[in-house]
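Asker: The following block contains the structure, expressed as structure tokens.
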Ligand SMILES: Cc1ncc(COP(=O)(O)O)c(C=O)c1O
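In this note's numbering, the protein residues as written are 1 to 438.
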């Protein structure tokens, strides 16, 4: 499969090169030149998760990875459960729980597959270790840190907006040390993302530090995420999948992109709702036709406080060759803070504790159903983070005590090891140039 840079079409690479380069020239993202139609989806859904994921990803990687290699990589990466939990029988609504990996968020799928790719593609002996530079709005950092911790010849440098992630999110990845370096930036996530892009464009940094990215800039992460849409459909059954509406909480639009890749591959579903918080660049763009990002505002769903969603260009790329599919099956809407809180409470009354991001997706699903009035649909909302990661806001909203799972209980008293930097590129550059080799 050939991948092209969406900004510089002449830059064409295979999967290995796309993974190792991370970001293309002029900060362009790589995207497959074609998305093949998979055969016999009904039979595919009968397979177990890992063998099915091998069949889904094979066409994207087969020129650089054998089926056997891919199978081993996915076996190790996807080694945690992925339950679809019914939360409302009457209305046929299900929670797709994507948070059972080591960092308790959906990002574990992408980060763990990416780490497998780097382990496979990096040479055994290197002159310069690989530096994975990544921006996080809260959850990517933990997934990347846990996926790369202790890996030979690789160090991860993770930027996050100071004071804009929860304490528990911070504890999960800023207490590890070793080859994991964390930096709190005195600004918002968009600024962290911009710093990463600047470093990629800086020849004094990119090559000397053998820079790469683990953000959803990297195509490997997105491809891994495609697999869980198929798993949801497998658990529902082919017939039900056809009348299913997915709702995903959206910030950088990686999840939504993966869902639409799944749809282009032939996975049947009715619609995908990409629900945003107040940072609603995409819903406004789809409604009014103007790309008009505003200053990012802080919300309860902090991991989605993004006004420059990186992945939207990939959605536009797919939409260009399938305009009808995208007009009829992809929707995006803004959910207010008040609606998110109502959704947290409603779900809790139904016996389901959801973190605010997952609850926002639920609110998106319910609104979509009300607007369209179709009662015979199945609804699936993506639960992207474990509720305990957002313990403070849930305890506040619901007046309950939220127990910490083991993964969080062990880090809660550890010291934060992060370095603090202002948001000037010069400060980051000095830091990177001053780092010791791992
Ligand atoms: C818990 C959670 N939900 C939703 C999102 C948004 O996902 P995406 O950036 O793929 O739109 C994120 C991203 O950081 C997240 O951490």
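A virtual CB, placed ideally from N, CA and C, is assigned to each residue, including glycine.
Fair warning: this is a prediction, and the values are worked out from it, not measured in the lab.
(1) Can you tell me whether residue 171 is buried or exposed, with buried defined as 16 or more other CB within 10 angstroms of its CB?
(2) Between residue 408 and the rest of its own chain, which residues show a CB-CB distance below 6 Å, the 5 nearest in sequence each way excluded?
(3) So, is residue 316 buried or exposed, given that buried needs 16 or more other C-beta atoms within 10 angstroms?
(4) Report buried or exposed for residue 37, applying the criterion of at least 16 other Cβ atoms within 10 angstroms of its Cβ.
(5) With residue 88 as the anchor, note down where its beta strand (DSSP E) starts and where it stops.
(6) Can you tell me whether residue 356 is buried or exposed, with buried defined as 16 or more other CB within 10 angstroms of its CB?
(7) With residue 26 and residue 8 assumed to form a contact (beta carbons below 8 Å), what rounded beta-carbon distance in angstroms separates them?
(8) Ligand 1 and residue 422: does any heavy atom of the ligand fall closer than 6 Å to the residue's C-beta?
(9) Tell me whether residue 220 sits in a helix, a strand or coil according to DSSP, three-state version.
(10) Rounded to the nearest angstrom, what separates residue 366 and residue 244 at their Cα positions?
(11) What would DSSP say about residue 180, mapped onto helix, strand or coil?
(12) Using the C-alpha atoms, what's the distance from residue 425 back to residue 199?
(13) Is it right to say residue 334 is buried, meaning 16 or more other beta carbons lie within 10 angstroms of its own, or is it exposed?
(14) Where do the ends of the alpha helix (DSSP H) carrying residue 268 lie?
(15) Below 8 Å, can you find three or more Cβ-Cβ pairs linking the region 118-129 to the region 89-104?
(16) Could you say which of 370, 391, 360 and 396 lies nearest to residue 382 if we only look at CA atoms?
(17) Please confirm whether any heavy atom of ligand 1 lies closer than 6 Å to the CB of residue 66.
(18) Along the chain, where does the beta strand (DSSP E) containing residue 352 start, and where does it finish?
(19) What does DSSP give as the partner residues of residue 97 in its beta bridges?
(20) For the putative contact between residue 113 and residue 145, defined by C-beta atoms under 8 Å, what is the C-beta separation to the nearest angstrom?
(21) When we look at the beta-carbon of residue 219 and count the other beta-carbons within 10 Å, is it buried (16 or more) or exposed?
(22) Check whether the Cβ of residue 247 lies closer than 6 Å to any heavy atom of ligand 1, and answer yes or no.
(23) Ligand 1 heavy atoms versus the CB of residue 384: any closer than 6 Å?
(24) Determine the contact status of residue 253 and residue 312, defining contact as a CB-CB distance below 7 Å.
(25) Confirm, please, whether the CB-CB distance from residue 50 to residue 461 is below 7 Å.
(26) So residue 6 packs on residue 29, CB below 8 Å; how close in whole Å?
(27) Check residue 141 in the structure and name its three-state DSSP category.
(28) Mind pulling the beta strand (DSSP E) runs of 3 or more residues that sit fully within the region 244-322?
(29) Taking the alpha carbon of residue 222 as the reference point, which residue from 4, 19, 393 and 185 has its own alpha carbon closest?
(30) Tell me which residues share the same chain as residue 249 and place their Cβ nearer than 7 Å to its Cβ, disregarding the 5 neighbours each side in the sequence.
(31) Can you give me the C-alpha to C-alpha distance between residue 64 and residue 159, rounded to a whole angstrom?
(32) Inspect the beta-carbon positions of residue 184 and residue 162 and report whether they are closer than 7 Å.
(33) Mapping the DSSP letters down to three states, classify residue 158 as helix, strand or coil.
(34) Counting C-beta neighbours from all protein chains within 10 Å, is the total for residue 190 16 or more, i.e. buried, or is it exposed?
(35) What does the alpha-carbon distance come out to for the pair residue 196 and residue 257?
(36) Quick one: using the 10 Å Cβ neighbour count with 16 as the cut-off for buried, is residue 419 buried or exposed?
Answerer: So, to answer that:
(1) buried
(2) 168 and 388
(3) exposed
(4) Residue environment: residue 37 is assigned as exposed (fewer than 16 neighbouring CB atoms within 10 Å of its CB, all protein chains considered).
(5) 84-88
(6) Residue 356 is buried by the Cβ-count criterion.
(7) Confirmed, Cβ separation roughly 5 Å.
(8) Residue 422 Cβ: outside cutoff for every heavy atom of ligand 1.
(9) helix
(10) 13 Å
(11) Look at residue 180 here: in three-state DSSP terms it is strand.
(12) 8 Å
(13) buried
(14) Where residue 268 is concerned, there is no enclosing alpha helix (DSSP H), given that its DSSP letter is neither H nor E.
(15) no
(16) 360
(17) no
(18) Segment: none, residue 352 is in no beta strand (DSSP E) and carries neither H nor E.
(19) 383
(20) With a Cβ gap of about 16 Å, residue 113 and residue 145 do not count as contacting.
(21) buried
(22) No, the beta carbon of residue 247 sits no closer than 6 Å to any heavy atom of ligand 1.
(23) yes
(24) yes
(25) Since the displayed the chain opens at 1 and closes at 438, residue 461 lies outside it and no answer follows.
(26) 5 Å
(27) helix
(28) 244-249 and 271-276
(29) 19
(30) The beta carbon of residue 249 sits closer than 7 Å to the beta carbons of 275, 301, 304, 357, 358, 360, 361, 382 and 384 from its chain, once the five residues preceding and following it are set aside; these are given in chain order.
(31) One C-alpha to the other measures close to 31 Å.
(32) Cβ atoms of residue 184 and residue 162: closer than 7 Å.
(33) DSSP places residue 158 in the strand class (E or B) of the three-state scheme.
(34) Buried, because 16 or more other Cβ atoms sit within 10 Å of the Cβ of residue 190.
(35) About 21 Å.
(36) Looking at its Cβ environment, which holds fewer than 16 other Cβ atoms inside 10 Å, residue 419 is exposed.
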